[in-house]
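Undergrad: In order, the protein sequence lines correspond to chains A and B. FYI, the numbering for the first sequence is 1 to 75, going by this note's numbering. FYI, the numbering for the second sequence is 1001 to 1354, going by this note's numbering. Heads up, the beta-carbon is just placed ideally off N, CA and C, and yes, glycines get one too.
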Amino acid sequence: MTLDEFIEAFAEEFDDTPVETFKADTKYRQLDEWSSLTALSIISMVDDQFDKTITGADIRSTETIEDLFNLIQAK
Amino acid sequence: MAIASIKNVKIAGMAACVPERVEENRDYTLLPPEEIEKYIETTGVERKHCALHDGSICTSDLCQKATEGLLEKLGWQKEDVDLIVFVSQTCDYRLPATGIVLQDKMGFPKSTLAFDVTLGCSGFVVGLGIAGNMISTGNFKKCLLMVGNTQSEYANYKDKSMWFLLGDAGTVTALEYNPEEADKIDLCYMSDGSGRKHVIVPDGGSRNRFSEKSLELEDVGEGNFRTRLDEKMDGVEVFASAITGIPKLYKQLQEHFQIDNEKMDYCLIHQASKVLFEKLRKKMKFPEEKTPMNLRDFGNTSGSTIPLMMVCKLKEELESRPLEMVMAAVGVGFSLGTGRITTNKIKVCDLMYL
C-alpha cells in the first residue's frame, strides 16, 4: 500500500471530516473528530489492510498520518 | 502454553439472573443525542441491567437466585453439592470469600468446599478449567460454578468509556462427575499482566489503600472524569491486545484439538463491545448466524456474557439437542481464554430478574 492509498483508507474511517482535510502532514490527533472511537477504527483498518497491530502507545507516538504510515511499515 | 482437556465432566445445566432495573443509554444526560448514537453504534449497547449499588443487590444475590432456580430444575439436593467456585471481581467483602458466605446463606452443607476466583471477562472460561479439573478426578462430584459481576458500580457516570458499556449479571453452571456421559471440555489460556494498567480500579486494595485522594474526581481527558475507586479502561489498548491475542489463542485451540469451524454449532465470543466482537468474529472466521450477541440489551456483563448468552439465546437448542461450541474471552489482567465444549440436552432455566 502506498502512502496515498493509506491516506485514503485513513480518511474513510471518518464520518464528519471532509476527505480533502487528510494529507500526509495532517496532525490527525488534533482533528475535531478524533477520539478513542476513531482510534479503534484506525487500529481495525490497519489490521485488515496490513495484517499488523498498532497499539494506543504507537498512536500517541506519532503526529502525522505519514508518521503512522512509516511506523506501520517498520513493524 | 496452558492447555487443558477435561475428562469425565458433564455440563448438567445453566441459569442466569440480572437486576430488574434497566438503564437506557439514550437517557444519558451529559451528551447530545447524536453523540450518544455514536457510542451506541460502537459499543452495540442500548441498555443494560444495573443494580443500584447501595448493598441491596450484590453479585452473590444474583448468583443465589439463579442457583436456587437451577437446583430445583435439576432436582439436585444441596447436600449433594461438594464444590462452589464463585468467580467475580465484585465480591461482598474484601474478606471473607463470597463463595463461603453463600454456603451458609443458601444452606449448603459444611462439607462443601467453597472459594472465590477474582477474574473478570475471562471468568467463565477459566472457571470451567478450575472446576473441571477438580471434578475430573472424581474427588468432587457436583459443582456449582458461579460467574457474575455487578461491575456497573465501577463505572463513573462522567466516564463515557465505561458508563455506556457495563451491565450486571449473575450466572451459574452445574457440573458433575459423570464418566459415562462426559462432555468435551477443551481449553487454552494466556495471561498477560503487562496489560494490568489498562483495565484497573487503582485504589481500595492493599497496593493503594483507600484514602481521601481516592474520592477526588480526576479529569482523564476526552471530557471524561472518574475517581480512583472507579474502573479505568483504555479501550484502545484492550482492542489492540485482543485482536492479536484471541485469534492466536483460538488458532492454538483449533490445531491442538483439531477443531473444524464448519462442524461447530456456535462460536460464543465474549460481549466486550460490538466493534471488538465483530472484529474477533471475522478473525475467528465465523458467520454472523453462528455468533449470537446480547450486547444490545445487557451490555458488557464481564465473565457472565457467555453463560448469559447461552441462557438468553440458546436455551431451546441447549435443551433439545446436542451442541458443540467454541468460545473466546479476553478481559482484565489481561486474561485470555478459548475453549471448545459440548452439551447434551442440558437443563436451562428462563432468565431470572431480581
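Tell me where the alpha helix (DSSP H) around residue 1039 of chain B begins and ends.
TA: 1033-1043 is the extent of the alpha helix (DSSP H) around residue 1039 of chain B.
Undergrad: Just how far apart, CA to CA, sit residue 1012 of chain B and residue 1143 of chain B?
TA: Approximately 10 Å, taken between the alpha carbons.
Undergrad: At the level of alpha carbons, what is the spacing between residue 1177 of chain B and residue 1098 of chain B?
TA: If I take the Cα positions, the gap works out to 24 Å.
Undergrad: Beta-carbon within less than 8 Å of residue 1315 of chain B's beta-carbon, same chain only, minus the 5 sequence neighbours each way: which residues are those?
TA: Same-chain partners within the cutoff: 1348, 1350.
Undergrad: With H, G and I counted as helix, E and B as strand and the rest as coil, what does DSSP make of residue 1143 of chain B?
TA: Reduced to three states, the DSSP call for residue 1143 of chain B is strand.
Undergrad: Just the chain B side, please: which residues come within less than 8 Å of residue 43 of chain A by C-beta, in chain order?
TA: The answer, in chain order, is 1236, 1239, 1240, 1243.
Undergrad: When DSSP labels each residue in this structure, what does residue 1226 of chain B get in the three-state scheme?
TA: Looking at residue 1226 of chain B - three-state DSSP - the assignment turns out to be strand.
Undergrad: Are the CB atoms of residue 1225 of chain B and residue 1276 of chain B within a distance shorter than 8 Å?
TA: No. Outside cutoff.
Undergrad: Answer yes or no: does any C-beta atom of chain B fall closer than 8 Å to that of residue 35 of chain A?
TA: Cβ-Cβ to chain B under 8 Å: yes for residue 35 of chain A.
Undergrad: Between residue 1161 of chain B and chain A, is the shortest Cβ-Cβ distance under 8 Å, so that the two count as touching?
TA: Yes - at least one Cβ of chain A is within 8 Å of the one on residue 1161 of chain B.
Undergrad: I want to verify the contact list: residues of chain A whose CB lies under 9 Å from the CB of residue 1222 of chain B, in sequence order.
TA: By Cβ distance, chain A contributes 35, 36.
Undergrad: Can you list, in chain order, the residues of its chain with a C-beta nearer than 6 Å to that of residue 1321 of chain B? Leave out the 5 residues immediately preceding and following it.
TA: Result list for residue 1321 of chain B: empty, nothing under 6 Å.
Undergrad: Any contact between the region 1037-1054 of chain B and the region 1103-1112 of chain B? By contact I mean 3 or more CB pairs, one from each, below 8 Å.
TA: No: the two stretches stay apart, fewer than three of their Cβ pairs being nearer than 8 Å.
Undergrad: Closer than 7 Å by beta-carbon distance: list the chain A residues that pair up with residue 1279 of chain B, in chain order.
TA: By Cβ distance, chain A contributes 44.
Undergrad: With respect to the alpha helix (DSSP H) encompassing residue 1246 of chain B, which residues constitute its N-terminal and C-terminal limits?
TA: Counting along the chain, the alpha helix (DSSP H) containing residue 1246 of chain B begins and ends at 1235-1257.
Undergrad: Is the beta carbon of residue 1287 of chain B sitting closer than 8 Å to the one on residue 1309 of chain B?
TA: Cβ atoms of residue 1287 of chain B and residue 1309 of chain B: not closer than 8 Å.
Undergrad: Give the secondary structure of residue 147 of chain A by DSSP, where H, G and I count as helix, E and B as strand, and everything else as coil.
TA: Here chain A covers residues 1 to 75 and nothing more, so residue 147 of chain A does not appear.
Undergrad: Could you pull out every unbroken alpha helix (DSSP H) segment of at least 4 residues lying fully inside the region 1063-1125 of chain B, listed in chain order?
TA: With a minimum length of 4 residues, the continuous alpha helix (DSSP H) runs that stay inside the region 1063-1125 of chain B are 1098-1106.
Undergrad: Applying the 10 Å Cβ sphere with the 16-neighbour rule, what's the burial state of residue 1156 of chain B?
TA: Buried: at least 16 other Cβ atoms inside 10 Å.
Undergrad: For the region 1041-1073 of chain B, which residues have a beta carbon sitting closer than 7 Å to at least one beta carbon of chain A?
TA: So the close ones are 1042.
Undergrad: Expressed to the nearest angstrom, what Euclidean distance is found between the alpha-carbon atoms of residue 1120 of chain B and residue 1332 of chain B?
TA: When rounded, the distance between both Cα atoms is 6 Å.
Undergrad: Under DSSP, the alpha helix (DSSP H) around residue 1150 of chain B begins and ends at which residues?
TA: It is not in any alpha helix (DSSP H) - residue 1150 of chain B carries neither H nor E in the DSSP assignment.
Undergrad: Closer than 8 Å, CB to CB, is residue 40 of chain A near chain B or not?
TA: Yes, because at least one Cβ of chain B sits closer than 8 Å to the Cβ of residue 40 of chain A.
Undergrad: Go ahead and pull the three-state DSSP assignment for residue 1190 of chain B.
TA: The answer is strand: DSSP assigns residue 1190 of chain B an E or B state.
Undergrad: Hey, is residue 1285 of chain B's beta-carbon within less than 8 Å of any beta-carbon in chain A?
TA: So, not an interface residue.
Undergrad: Does DSSP put residue 1351 of chain B in a helix, a strand or coil?
TA: Reduced to three states, the DSSP call for residue 1351 of chain B is coil.
Undergrad: Sort out for me which residues DSSP pairs residue 1309 of chain B with in a bridge.
TA: Paired residues: none, contrary to the question.
Undergrad: Establish whether the CB of residue 51 of chain A and some CB of chain B are separated by less than 8 Å.
TA: Output row for residue 51 of chain A: interface = no.
Undergrad: Just tell me which of A/35, A/52, A/4 has its CA closest to the CA of residue 73 of chain A.
TA: Among A/35, A/52, A/4, the Cα nearest to that of residue 73 of chain A belongs to A/52.
Undergrad: Taking the continuous alpha helix (DSSP H) assigned at residue 1293 of chain B, which residues delimit it?
TA: Neither: residue 1293 of chain B is in no alpha helix (DSSP H) and is coded neither H nor E.
Undergrad: Considering only the alpha carbon of each residue, which of B/1161, B/1021, B/1023 lies closest to residue 1223 of chain B?
TA: The candidate whose alpha carbon is nearest that of residue 1223 of chain B is B/1161.
Undergrad: Within 8 Å, do at least three Cβ pairs link the region 1131-1151 of chain B to the region 1081-1098 of chain B?
TA: Touching, per the Cβ criterion.
Undergrad: According to DSSP, which residues form a beta bridge with residue 1006 of chain B?
TA: Partner(s): B/1185.
Undergrad: Expressed to the nearest angstrom, what Euclidean distance is found between the alpha-carbon atoms of residue 1318 of chain B and residue 1100 of chain B?
TA: Each residue's alpha carbon lies about 30 Å from the other.
Undergrad: Shorter than 8 Å from the beta carbon of residue 1275 of chain B to some beta carbon of chain A?
TA: Closer than 8 Å to some Cβ of chain A, the Cβ of residue 1275 of chain B qualifies, so yes.
Undergrad: Does the pairing of the region 1296-1304 of chain B with the region 1338-1346 of chain B give three or more beta-carbon distances under 8 Å?
TA: At 8 Å Cβ cutoff, the stretches do not touch.
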